Structures are given as C-alpha cells and as structure tokens.
Amino acid sequence: MVRTRIAPSPTGEDIHIGNLYTALINWAWAKKHQGKFIIRIEDTDQERLIKGSEEKILQTIKEYGLNYDESTDIGGLYQPYRQSERLPIYKKYADELIKKKAAYFCTCSKERLLELREIRQKQKKIPKYDKHCLSRQKEVQAEIKKGKPFVVRLNIPEAKEIKFKDLIRGEVKIMSDNLDDQVLIKSDGFPTYHLAVVVDDYLMKISHVIRAEEWLASTPKHILLYKALGWPQPVFAHVPILRNPDRSKLSKRKNPVWASWYLDQGYLPEAILNYLALMGWSHPEQKEIFSLDEFVKVFDLKDIKSVGPAFDQVKLEWMNGQYIRQMKNEKLKIKILEFTENKYPENIVGKTIPLVKERMKKLSDYIFLCEFFFQKPEKYDLDLLSKKELLGKMRDSLEKVTEWKSDKIGEKMQELAKKEGVKTGDFFMTLRVAMTGKKISPPLNESMEILGKEECLERIKNLT
RNA sequence: GGCCCCAUCGUCUAGUGGCCUAGGACGGCAGAUUCUCAUUCUGUUAACAGCGGUUCAAAUCCGCUUGGGGUCACCA
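First residue of the first sequence: 7, per the numbering used here; consecutive thereafter.
1) In this structure, does DSSP put glutamate 421 in helix, strand or coil?
2) Which residue from Glu323, Glu364, Asn468 and Trp237 puts its Cα closest to that of glutamate 384?
3) Between the C-alpha atoms of valine 355 and leucine 369, what's the straight-line distance to the nearest angstrom?
4) Alpha carbons only, please: which of Lys341, Glu300 and Ala223 is nearest the one belonging to serine 182?
5) Starting from alanine 265, trace the alpha helix (DSSP H) in both directions and tell me its first and last residue.
6) Based on the DSSP secondary-structure assignment, which residues constitute the bridge partners of glutamate 167?
7) How long is the line joining the alpha carbons of tyrosine 27 and leucine 103, rounded to whole angstroms?
8) Please report the distance separating the alpha-carbon of alanine 423 from that of serine 403.
9) Between which two residues does the beta strand (DSSP E) holding tyrosine 110 run?
10) Count the other C-beta atoms from every protein chain shown that fall within 10 angstroms of the C-beta of threonine 50, then say buried if there are 16 or more, exposed otherwise.
11) Going by other Cβ atoms of all chains shown within 10 Å of its Cβ, with 16 needed for buried, is leucine 322 buried or exposed?
12) Hey, leucine 201 and arginine 159: beta-carbon distance below 8 Å or not?
13) Among residues of its own chain, excluding the 5 on either side of proline 163, which ones have a beta-carbon nearer than 7 Å to its beta-carbon?
14) Measuring alpha carbon to alpha carbon, tell me which of Met325, Gly236 and Ile359 ends up nearest isoleucine 340.
15) Buried or exposed: where does methionine 285 fall if 16 or more other Cβ atoms within 10 Å of its Cβ makes it buried?
16) By Cβ distance, which residues of its chain are closer than 6 Å to alanine 108, with the 5 residues on each side in sequence left out?
17) In its own chain, which residues sit with a C-beta less than 7 Å from the C-beta of tyrosine 208, not counting the 5 before and 5 after it?
18) Where does alanine 13 fall in DSSP's three states?
19) When you compare each of Met210, Leu457 and Leu396 to glycine 81 by their alpha carbons, which one comes out closest?
20) Give me the residue from Tyr386, Asp389 and Lys418 with the minimum Cα distance to arginine 401.
21) If you draw a straight line from the alpha carbon of leucine 457 to that of arginine 465, how long is it in whole angstroms?
22) Using 8 Å as the threshold, is the segment 225-233 in touch with the segment 112-119, meaning 3 or more CB pairs across them?
23) How would you label valine 157, buried or exposed, when you count the other beta carbons within 10 angstroms and need 16 or more for buried?
24) Helix, strand or coil for proline 197, going by three-state DSSP, please let me know.
25) Take the Cβ of valine 320 as the centre, count every other Cβ of all protein chains shown within 10 Å, and call the residue buried at 16 or more, exposed below.
26) Using DSSP's beta-bridge definition, name the partner residues of lysine 42.
27) Using a threshold of 8 Å, state whether the C-beta atoms of leucine 279 and leucine 307 are closer than that.
28) For the beta strand (DSSP E) holding valine 241, just list the boundary residues, first then last.
29) For lysine 37, which residues of its own chain have a beta-carbon under 6 Å away from its beta-carbon, when the five flanking residues on both sides are left out?
30) Quick one: what's arginine 126 bridged to in DSSP?
Structure (structure tokens):
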C-alpha cells in the first residue's frame, strides 16, 4: 500500500507554493497507486507557531483540489495527526534510543554550545557538538534530577559510511563524521523534526517519503534512527526546490510564495497544478497542457529531474490563459461570478464572456476589461473635449439605429466615418473611449449592444 | 569554509553512445488577420559551462576545473 504525506508546519500565513508542489507530487504518487495521501501537521516549534495557519493550509490544499485521506480535521486510523498531541509517543522512543545507547542526555548550556561553535568555526572545522555529555551520563542524570534543563541527542557513530537510495537521485553516501549529534528532544520536551518525522512516518506506515531537496542532507540522520529503532526504511525521494528567477531558493522576498495568493490573483487551481507538474518533469509526449487525471496516469517519480527549476510567472500566466480559453462559457461565468463575489449581475456577465474569453489570462483581468459594463467611465484615456462635434454626430446617428444589434451599429458607424472622412481607426477609438473610458476594450459594437441603446446614448450625451 | 546535490536556448524542458548541422513550449523579435487590446497563424532568435580522457563514434560514459544550489540550530 502506497502511503504518502506532506508535513507542513503552521508557521506561515499559508502553505508555501513550493510545499504545494511537493504536495502535488505526493498526492499524484498516492493516487497513481490507489494509495493514501496524508497531511500531518508538524507543530513542534512552539515559538514560531502562527494562529490560524493550520486551518488556512488545509483550506488552501482543498481549494487546489488535492484531496487528502487522513489529517487533523478528518482524522484517520493513525491519529492524532498533530505532532503536539503525540508527545508521549516521542518520549517513549527517545527512551528506547537512550536505552540502546543511540541517544544520550545533554545538559550543556546554550552559552557553552555557542562558544564551542565559535571555536570550531575559527578552526575551520564543522561546527558540531563535542559529545561532552556522552561520557558523563551518570552525572548528567543527577543534574537532571535536580531540575537542570536537558535535551536528548542522537549519538552519531564515528567514521561510518551511511548510504541510502533516493528514487530521484540514486545512491547518496556520506561519512558520519560530517554529522552533528542532533538534538532529538528539546528542553521544552518537544521533539525536533528529526525524531518526530521518523517516528511518525513509521507509525503512520508512510511508504514513500517525498519531500524537498533541503532535507537531503539530514536524511542520513534519519537513516541512523531507523536503524537504531530496528525499523524498515521508507523509500526516499527528494524533489527539487523551486527557485526564484535568480536561482536562489524560492522565497517571499523575491516572489509571491503563498499558494492562496495565486488563487486571489485569478489563477485557476488546475492551471497552477499543471504548471507545477512541469517543474522538473515533462510529459512523455511533450504535452504542455494536460489534466490532473492524465498527470497521475503518466507520471513517474523516477522521471523527475534533480535540477532546481526557476518558477516563471510569465509561463504560468500563459498556461492560465490556455485554461480559460478551453473552459466552457457557462463554467467561466460561474468562476467569474465567484471571483468577483457576485458583484456583477449574472446575465450581463454571461453576455460578456464570449467577448473577453480570449482576452483574459487571469480571472482578475475580467474586472479591468469589463468594469465599464457595470459603471459609467469616470475618466477617459483620451481628450474628448476636442471631439465634441464628432461625438454629437455619432449620437445623432446612433439614435437612428432602430434595431440595436452589433452589426447594425457597426454599419451605421462605418457609414458615418466615411461621410465625415475620418479614418476608421481614429473614429472607433473616439467612440470606444466615449463608451468605455479606455483605449483597450472588448469588441466595440458587441459591447455597445450589451450596454443597450439607452445607456450608450446617455454616455455619449454626457460628453457633448 | 566542510559535506551533499546539480549543470542543454533568457526560462521550463526533449535527448539514456550513432536518428542531433540538438527537438518542443514560454518569452523576445518580424509578419499575416484586425476599429483598440487580445486571440489565432507563419517565420525568426537563442543552448549542450570549460578542459582532458574512454570509444570507430559523445550533449549522452569517466575525471578534473568552473559555476549554481542545498545544508551545517534546543526551525521545520
């Protein structure tokens, strides 16, 4: 049974788009194998906790349509799924590790640790703990009994080669001497990520640990833990980290990173997911646009490349435009209504869709393009004062249009332009700005038809 | 800096020793369509980081160099 998971920390205002990418891969892999996709909340850092973060993360994941099978809000066989509620479990395994001498107590002060690090750095050595407390465990335990704060550290063996297989990167090797005696239980009694992740992945029967490359370096520590506890290892797959255009790790300083931001901008979840799927992976038939179902079918973890791809918003926009154009008008109408929070009347929105569908890249473009349908222009892109005379003639002409249809309006206006000897381009630009306020608009005649004769005449009258 | 990962057009990528005078997509540029803006269509631009090997043959395999990234917390 394939069981995958993502383990977000509720320390941000929402799920990071990079985590959403990892979520997509995890989700797809589970779906592909009729497995389960789990969300576990890793809230072991009590200091950085942000209220409401967990709810927002789950909500966003749902909005993207990545349905999960087990989590804090829906429960599951292996609950609780919030690490802060699993403290006794971690304690139990920490004790076991200590008994097996794979871990030990440490009462070193922060000051000593800091000092140690500085010295090591000056010596150009790896700034790692010197195992000071390991040889004095009796003493340490006595100190603890007296109430001295303590942590539990992983006892990393010396000069041992640690190997593991990564589905995306192949075999990864590292010498244990490069590893620090990682803290497993903090002085506040909470586990660190390293302990919690191993314990939970094992207990929750996670078959594939698919996570970002930033975890690659700490995987050997996790391997050590699996071995010390006598547990079978899951399959590891470290997906690339999404990058800023300057190739650094995708960060909010240089790019919008919250997954809901893209939704708020009017990007469609399917389009974003489709774009994300193309990060480090390509469709076997070189297709660019494909459904989630199709992705699940043809996707394979081992085909993911290990290079960190740059997140390109321009291509995302293009893709979103493609999705909008492929969408049925009725569906697009609903999306726009939702996006604009039902501010605009449904029947008019419905009529405008054929006019703007090919002009939109994001749902938010609708507002820019169509606002004039719902309210009179307040300012004009062009100086219309000098055009009063022409506008007056347009008004008279339009008044004579008996059947208010786009083609009739067009004919009448063409006729007038010719009669007045005004270049059609200039002529219609004047009319366009008079009607919409803007130099850029949907097709004019059709727009005027939707606006209605009365409204059009009124708008033009105000200018003459 | 140590360790680990990586390296094809500006960007996302195809390519798994001969099909590669390196293909596609986005972007850019030029043109066609057009009353604006878009859409659509056509054309065009642009890359195997460098140097050594291995081989009859290398973008593809190996080594070194260079470059990029990640990681070195009682954060995840």
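Where a beta carbon is used, it is the ideal one built from N, C-alpha and C, also for glycine.
Being a predicted model, the structure only gives us computed values, none of them experimental.
This is what the structure gives:
1) Looking up residue 421 in the first sequence gives position 415. The answer is helix: DSSP assigns glutamate 421 an H, G or I state.
2) If you number the first sequence from 1, residue 384 lands on position 378. Ranking Glu323, Glu364, Asn468 and Trp237 by Cα distance to glutamate 384 puts Asn468 first.
3) Counted from its first residue, the first sequence places residue 355 at position 349. Counted from its first residue, the first sequence places residue 369 at position 363. Distance between the alpha carbons of valine 355 and leucine 369: 12 Å.
4) Residue 182 sits at position 176 when you count from the first residue of the first sequence. Checked all of Lys341, Glu300 and Ala223; the closest Cα to serine 182 is Ala223.
5) Stepping through the first sequence from its first residue, residue 265 is reached at position 259. It spans 265-270 - the alpha helix (DSSP H) in which alanine 265 sits, taken as one unbroken run.
6) What you label residue 167 is simply residue 161 of the first sequence in a count that begins at 1. Note: glutamate 167 sits in a beta bridge opposite Met181.
7) Counting from one through the first sequence, the residue named residue 27 turns up at place 21. Counting from one through the first sequence, the residue named residue 103 turns up at place 97. Roughly 34 Å separates the two Cα atoms.
8) Taking the first residue of the first sequence as 1, we reach residue 423 at position 417. Taking the first residue of the first sequence as 1, we reach residue 403 at position 397. Taking the straight line joining both Cα atoms gives about 11 Å.
9) Residue mapping note: residue 110 aligns to position 104 of the first sequence, counting from 1. Note, tyrosine 110: beta strand (DSSP E), 109-112.
10) Mapped onto the first sequence, residue 50 falls at position 44. Under this definition threonine 50 is a buried residue.
11) Here residue 322 refers to the residue found at position 316 of the first sequence. Buried.
12) Here residue 201 refers to the residue found at position 195 of the first sequence. Here residue 159 refers to the residue found at position 153 of the first sequence. For leucine 201 and arginine 159, no; Cβs fall outside 8 Å.
13) Within the first sequence, the letter at position 157 stands for residue 163. Contacts found: Ser182.
14) As a working mapping, residue 340 is identified with position 334 in the first sequence. Comparing Cα-Cα distances from isoleucine 340 to each of Met325, Gly236 and Ile359, the minimum goes to Ile359.
15) In the first sequence, residue 285 corresponds to position 279, counting from 1. Classification of methionine 285: buried, given that the 10 Å Cβ count is 16 or more.
16) The sequence position of residue 108 within the first sequence is 102, counting from 1. Once the five neighbours on either side are set aside, the close Cβ partners of alanine 108 are Asn161 and Ala234.
17) Here residue 208 corresponds to residue number 202 of the first sequence, with the count starting at 1. Taken in chain order, the residues that qualify are Trp237.
18) Taking the first sequence and counting its residues from 1, the one referred to as residue 13 is at position 7. Alanine 13: coil per DSSP, three-state reduction.
19) The residue labelled residue 81 in the question sits at position 75 within the first sequence. Comparing Cα-Cα distances from glycine 81 to each of Met210, Leu457 and Leu396, the minimum goes to Met210.
20) On the first sequence, residue 401 is found 395 positions in, with the first residue counted as 1. Cα-wise, what sits closest to arginine 401 is Lys418.
21) For the purposes of this step, residue 457 is identified with residue 451 of the first sequence, where counting begins at 1. For the purposes of this step, residue 465 is identified with residue 459 of the first sequence, where counting begins at 1. For leucine 457 and arginine 465, the distance between alpha carbons rounds to 10 Å.
22) no
23) Here residue 157 refers to the residue found at position 151 when the first sequence is read from its first residue. Classification of valine 157: buried, given that the 10 Å Cβ count is 16 or more.
24) Counting from 1 along the first sequence, the entry for residue 197 is found at position 191. The answer is strand: DSSP assigns proline 197 an E or B state.
25) Indexing the first sequence from 1 puts residue 320 at position 314. Answer is exposed; the Cβ neighbour count stays below 16.
26) The residue labelled residue 42 in the question sits at position 36 within the first sequence. Arg9, per the DSSP bridge assignment.
27) Translated into the one-based positions of the first sequence, residue 279 becomes position 273. Translated into the one-based positions of the first sequence, residue 307 becomes position 301. Contact flag unset, no.
28) Reading the first sequence from its first residue, position 235 is the one you call residue 241. Per DSSP, valine 241 belongs to the beta strand (DSSP E) from 241-245.
29) Position 31 of the first sequence, counted from the start, is the residue given in the question as residue 37. So the list reads Val302, once near-sequence residues are dropped.
30) Looking up residue 126 in the first sequence gives position 120. In the DSSP output, where bridge partners are listed per residue, arginine 126 has none listed.
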